[in-house]
Structure formats: structure tokens, C-alpha cells
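Shown next, in C-alpha cells, is the structure this report addresses.
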DNA sequence: TTGAAAGCGCTAACAT
DNA sequence: ATGTTAGCGCTTTCAA
């Protein structure tokens, strides 16, 4: 009797996969006919095709994309770039992209830059020959570098505007304006923006809108940062904020906002009593923390789906019709982290003293 | 003057990528020599190699994995299966796997079964010819089906034990025992388990340990479910729990636990005053909700890294030495969602009446 | 050490 | 409608 591991080996049947040649031989036709049966159905006699399909089935033939790739230049692979899959916003986006890709018969290659433009660039360049198109979910790369990649493969960018490259963006300006108006309606006269990554396009748009709209409606605006777009980043920001506490804060995203709230609490400041806080994204956490977070909600998952739809269209040959971004609607979800501004209590017993009003 | 879009086309320079043939011609050598220069350095004269490398550099040659794949059977692709990337536990695991894969020169193909065994199976079969190995982060497939795939490609499974397939598991039994002991120390005499997906291996292990260890230490145990492993699943579970509120609950994971807490609150039950709740995973949310969640913490990211390390070893030819799972340590993080058991108040004024003690 | 040639699994242009 | 023959980009015998 053979040693057992030999038996194991035999049992495992490491038979190698069936190819079109095997099928062709079994069916008594040329390999090309088998190929056509699967790649160009209709270009082969219905009966022949049926017979071939049957035999292929019996033999357990499965078309091998790796074989088709070199000659067709089609790998059925899409590259998705994010800066951190563990960030819930990115995860949702990834989920959407994944589902859409699968439905279209594509697989998703996940790339995670970990907030580094260098890593991002390296990954993109590695993937260029491998994928048919890119979805840039989140990018930390400068425009030019990104455009260089876009020249080589169909690309759709999210939350970013890049001349010549189709993009899907959430309506950051509207969201920011709604946030500011909301704070103003609550009596706030000044707002501090807690900035995210400097290389973030969304961060830029959000801050500029804050500044401009703030000026337009007579709100004083300030900015601290940049900070990491994480809970820890928010904690850090809070330390800085606590030195001269603002009455209202808008954070780059929910993770930062929640970090800010926790950090402020450690410093003895209450939200929303002392400070109102608003975030961006509306991740699950926003609903669950106490106080629940007022935030600008965006359809992250849908954006992933839409982006994939667009790259696929480009892959099929569609040229981006217009250079304008697809704008996805946002919604300000008012929750518990924002409240009426309390006047500065110089002496609680004496009531309030209005300290605002100085021109900027 | 030409229409602008024509100019654009010209500017775009859709030059196609340089191949080894281009380099070979420029260097005056045979394509095979160029190939060797990159694939088998050392098998070519040092000077020649250097010259070729230089010319390749100038021409902008980049080895194309798609070309190498058919003949080498190496795609540099790894498949990662999860049941829902948007689940923070899965996202962390994905992050770990992604980083480890990139560092090893591999790309990660993300597959998301959306909690469906059918979709999972279809995805796995599609990927078999494409990837060099699989990391099954989360599976809803039956053992046999999974093993069929494992026969075709190196595979490592997470949080699952599958004869003949190496696995990385968190120490669920220890975690569950710690949770039960903790509850018992707080005076609880009965614990209800809120089950996750029936097809989840972790769910099975957790429940069985609960039952067995509960019996061993004299805790009454119950089970409700299955429920979706999400916040919404937890809400649903709470509705059911609220009918006959237990004093202590252990949920399949943190998402469910947080859902349970919120659902109980809607039903007028307070955590931990009326009900103690424990989760699994220790996702960020667990620290941030109020009350913060007592949970069994596991190194999700590290598990992803470890798993990738192991598949890579198998790809390089290592045969799994022993069939025993790599067990990752867990830690019970005691937070605010668990507390001393309050006796049932039949009539608050009269004090407490002890209702427990009936044998199961 | 290098080149010529065959081949990976499949597709595609060209015949028939 | 089908077979024959290249060929995709690269690797890998096999000679030289």
C-alpha cells in the first residue's frame, strides 16, 4: 500500500483545466470554432454550437479570461482607488462599485493608497496594463499625474473635477451652504472649519465654499488643520480647538467630526451646548453617537455604482459627452450635534453679553 | 486650422505601450534576452543586462503581467472574499489583506458575496482561473463547496475551520467564555444569544461555546435569530427581545449589538440598567456609542495580513504543515454596556423579588 | 551567454 | 459556416 500522502495526491486529482483544444478534439471541430461558440455566438451554426456547448459542459470547460486578455486587450478587470477602505465612506463606495462591476461581468481590483500620493501613483502605474479602466474613488494625487493615467485608460473620478476626465461629485457647495445656513439660523456668527487632507479635492471645495458663502451671508469663518481624515485626526483637532473654543465647527468628514466631539468632551466642552458640530458623509456612526451628528449626507454607494457605469460606457467606446461633472444631490441631516448658540456667559446670573459683531 | 477636438486627439498621443520587441530592436538583441533580463536576471551577461535596462528605461518599457500570465500561470492576483465590505470588520480585514498583498507585489481582487452563498460560489468559480490564490475572509458557503475551490487554488480561510485548508481564526471560544464569565460576575444568571447568519461559521462556534460554557458554569442560555449581521438586524432582534426582556444579551457582532441597544431603547429598556449587552469585533463604533459597547476584540486587520502571508507561502510551494488553525488572541473590552444585574422590580416600593433560580 | 522557435489559451484575419 | 494560420506579450526549451 502506498504511503497515505500519495493516496492524498491521487485523490486530489490535480488535473489541469480543460481548454478549447480539449473541447475541439472531443467535438471533432477546430479550436477556433469552439472559441467562436463562446466569444461570438451567432457566428457558428446553431446545432454545432449546441453540440460544442454540451461537450464543453461535460468536460467542465470554462473560458479562461487570462487566455483572452493578450489578444483582445480585455482583462475584465476594473481598478478602484481609495485612500482607505476602512473609512466607512470609502467602504460604501467600494461596495457600490463592486456590485456594479460584478453585474457587468467585471472584477474589481482594489487599490488603497493609505492617504499617500506616492503609493497611489505607484499602484496606478502598476495597474495600467492590467485593468480596462479606473474608478478613482478618492485620490491624493495632483491633477497632472492623474491625467497622465487617464490618458492611458478610461477613467472616472469621484469627488473631483479634472478637465477632460468625467467625474461624479457630490454637491459639496450646496451641502456646505446648507450647513452654514443652518448654523446661522441657530444664531451662530462664526464657524471654524476643521480641514482634512491637503491633497483632498473635496476638502478644497468645502473650505472655499465655507469661506465664500460665509462672507456672503455675514458669517465669520476660520480654518484649522489639516488633520488626518480619521477619528484620531478629530481628537487632535479638538485639542487645538479647545484652546479658543468656537461656537460652531464644520469638520471635513464624519469621522473627524466625531473625533472633535469626543475631544471637546475631554476638554470639558459640551456638544451642542457649547459647540455645534457638523460633519460630512453621513456614515452609520453619525446616527449612533451621542449626540447624534448633524451631517451632510451623500449617496456614497450610488456614486460607486454610477462611476462604474460610466467607465464601462467609456470602455465600450463612449466618449465623455460633456466635460461637466455628474452632480449627486446631498442632504443636510439635522441631528443633535447642532443647537442654538448660547451667548457667552460672562456672569451667568447677569444673563448674556453679546460679544460678536466685530467686522472681519 | 483643424477643429479643436482633432488637435486634442493629436495631443493625446495614443501611442501603444512598448514591448520587449521594441526594446530588443533598440538594443540589437533578441526579445528573449530582454525577457530574461527582467524575468531571470543573472542568466544574462551583466553588461548586456545593464544596457538593456537602460534602453528599456529610456523607452519607458514596463513589464506587462497580462503577457506573462498565460505562459507562467502567474497573474500576480489574489482573490479576497468577504460577505460585505461595508461591514467595518470586513473592511479592516480587507485593509490588512490589501496592504500585505501590495507589499508582496500582488494585487487584490475584491469579491463581495453580499451574504449570499450562491453569489459567493459564482464569484469564486469565476476567479479560479484568474487568481493565484484565495483569502476567504468571510464565507457563507458550505464546507464541501469551499473545499472544491481549495483544491484548485491555494486558499486560506478566516474564522473557519475546514479540514485540509489552512485557516486563521480568532479565539472565539475564549472570547465567548470571557464574555459569559464577565456577565456571571455581574450577577447575571441567564444570557440570550442573538444569532447572526446561519451560514456563518463564527456564529456556530460562538453559540455552541455559549451553550456549553453556560451549562458548565451554571448560566441559563437562550438563542434568538438568525438575524442579518447588521445594525438593522439588531433592531429587528430587539423587537423580539423586548417581548420578554432578558437581563443579558450577547450579540453575534458589534453591529447587531448596537442595533439591539437602540432597539431596546425604543422599547423603553435601558442598557445596562435593564439589559447588559456584549458584542464581537470591537469596531470603531463600539467605542463611540453611548453606552460604549463591551465587546470581544479581535485583530481583524492583522488576520488579513496573516492570511495573505500564508497564501503567498502556499503559492511559493509551501504545503500547509499542520492542519491546525492559527489562532489569534482576543480580548474582552469591558465598557459601559454591561452592568450589575438589577433584580426584577415587581413593585419598586417593596424592593426586589428574586425570580431566577428555576432549573432549565 | 545568446538567438531561434515554439508555446501559453485564446482570438482574429483570411481562406475555403 | 468552418478550418487554417497568425499573433497578443511574454516565457521557455533547445541549439548554437
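Residue numbers (the working numbering), protein chains in the order written: chain P, 1 to 360; chain S, 1 to 360. All residues carry an ideal CB built from backbone N, CA and C; glycine is no exception. Please read these numbers as outputs of a predicted model, since none were measured by experiment.
I need the straight-line Cα distance from residue i to residue j, nearest angstrom please.
i, j, result
"residue 341 of chain S", "residue 87 of chain S", "31 Å"
"residue 75 of chain P", "residue 68 of chain P", "8 Å"
"residue 92 of chain S", "residue 330 of chain S", "16 Å"
"residue 51 of chain P", "residue 143 of chain S", "34 Å"
"residue 370 of chain S", "residue 298 of chain S", "With chain S running from 1 to 360 in the structure shown, residue 370 of chain S is simply not present."
"residue 80 of chain P", "residue 149 of chain S", "26 Å"
"residue 60 of chain P", "residue 66 of chain P", "17 Å"
"residue 123 of chain S", "residue 265 of chain P", "46 Å"
"residue 160 of chain S", "residue 301 of chain P", "29 Å"
"residue 288 of chain P", "residue 23 of chain S", "59 Å"
"residue 188 of chain P", "residue 166 of chain S", "59 Å"
"residue 147 of chain P", "residue 303 of chain S", "36 Å"
"residue 145 of chain S", "residue 145 of chain P", "44 Å"
"residue 352 of chain S", "residue 284 of chain P", "Because the pLDDT at residue 352 of chain S is just 39, under 50, the model does not fix this residue reliably, and the point stays unresolved."
"residue 58 of chain S", "residue 48 of chain S", "15 Å"
"residue 222 of chain S", "residue 320 of chain P", "58 Å"
"residue 325 of chain S", "residue 249 of chain S", "28 Å"
"residue 286 of chain S", "residue 180 of chain S", "19 Å"
"residue 207 of chain P", "residue 185 of chain P", "20 Å"
"residue 162 of chain S", "residue 311 of chain S", "15 Å"
"residue 242 of chain S", "residue 281 of chain P", "32 Å"
"residue 16 of chain P", "residue 37 of chain P", "22 Å"
Can you list, in chain order, the residues of its chain with a C-beta nearer than 6 Å to that of residue i? Leave out the 5 residues immediately preceding and following it.
i, result
"residue 205 of chain S", "172"
"residue 246 of chain P", "192"
"residue 119 of chain S", "113"
"residue 18 of chain P", "59, 60, 61"
"residue 176 of chain S", "206, 209, 210"
"residue 314 of chain S", "154"
With distances taken between CB atoms, is the gap from residue i to residue j smaller than 8 Å?
i, j, result
"residue 121 of chain S", "residue 84 of chain S", "no"
"residue 295 of chain S", "residue 333 of chain S", "yes"
"residue 327 of chain S", "residue 169 of chain S", "yes"
"residue 213 of chain P", "residue 190 of chain P", "no"
"residue 153 of chain S", "residue 133 of chain S", "yes"
"residue 229 of chain P", "residue 253 of chain P", "yes"
"residue 259 of chain P", "residue 225 of chain P", "no"
"residue 256 of chain S", "residue 237 of chain S", "yes"
"residue 62 of chain P", "residue 129 of chain S", "yes"
"residue 318 of chain S", "residue 156 of chain S", "no"
"residue 55 of chain P", "residue 30 of chain P", "no"
"residue 276 of chain P", "residue 337 of chain P", "yes"
"residue 239 of chain S", "residue 268 of chain S", "no"
"residue 135 of chain P", "residue 104 of chain P", "no"
"residue 290 of chain P", "residue 290 of chain S", "yes"
"residue 251 of chain S", "residue 194 of chain S", "yes"
Apart from the five residues just before and just after residue i, which ones in its own chain have a Cβ nearer than 8 Å to its Cβ?
i, result
"residue 107 of chain P", "76, 77, 78, 101"
"residue 232 of chain S", "259"
"residue 109 of chain P", "77, 78, 79, 80, 127, 130, 131"
"residue 182 of chain S", "278, 294, 332, 334, 338"
"residue 95 of chain S", "301, 304"
Using C-beta distances below 7 Å, list every residue in its chain close to residue i, excluding the 5 sequence neighbours before and after it, in chain order.
i, result
"residue 197 of chain S", "115, 140, 203, 226, 229"
"residue 20 of chain P", "31, 34, 35"
"residue 309 of chain P", "100"
Just verifying my parser: in three-state terms, what is the DSSP assignment at residue i?
i, result
"residue 19 of chain P", "coil"
"residue 170 of chain S", "strand"
"residue 76 of chain S", "coil"
"residue 49 of chain P", "helix"
"residue 176 of chain P", "helix"
"residue 283 of chain S", "coil"
"residue 81 of chain P", "strand"
"residue 275 of chain P", "coil"
"residue 107 of chain S", "strand"
"residue 89 of chain P", "helix"
"residue 238 of chain S", "helix"
"residue 326 of chain S", "strand"
"residue 227 of chain S", "coil"
Next item on the list: Using a Cβ-Cβ cut-off of less than 7 Å, give me the residues of the region 226 to 237 of chain S that come near chain P, in sequence order.
Entry: Cβ contacts with chain P: 231.
Next item on the list: Return the residues of the region 155 to 172 of chain P that lie within a Cβ-Cβ distance of less than 9 Å from chain S, sorted by chain order.
Entry: Across the region 155 to 172 of chain P, CB contacts with chain S closer than 9 Å involve 164, in sequence order along the chain.
Check: Listed from N- to C-terminal order along the chain, which residues in the region 65 to 85 of chain S have their beta-carbon within a distance smaller than 9 Å of any beta-carbon of chain P?
Finding: Going along the region 65 to 85 of chain S in chain order, one finds 65, 66, 67, 69, 70, 73, 75, 76, 77, 79, 80, 84, 85 with a Cβ nearer than 9 Å to chain P.
Next item on the list: Name, going along the chain, the residues of the region 94 to 118 of chain S whose beta-carbon falls closer than 8 Å to a beta-carbon of chain P.
Entry: So the list reads 94, 95, 98, 99, 102, 107, 108, 109, 110, 111, 112, 114, given in the order they occur along the chain.
Next item on the list: Determine which residues of the region 273 to 292 of chain S have a Cβ less than 8 Å from any Cβ of chain P, and write them out in chain order.
Entry: Here the close residues are 284, 285, 288, 289, 290.
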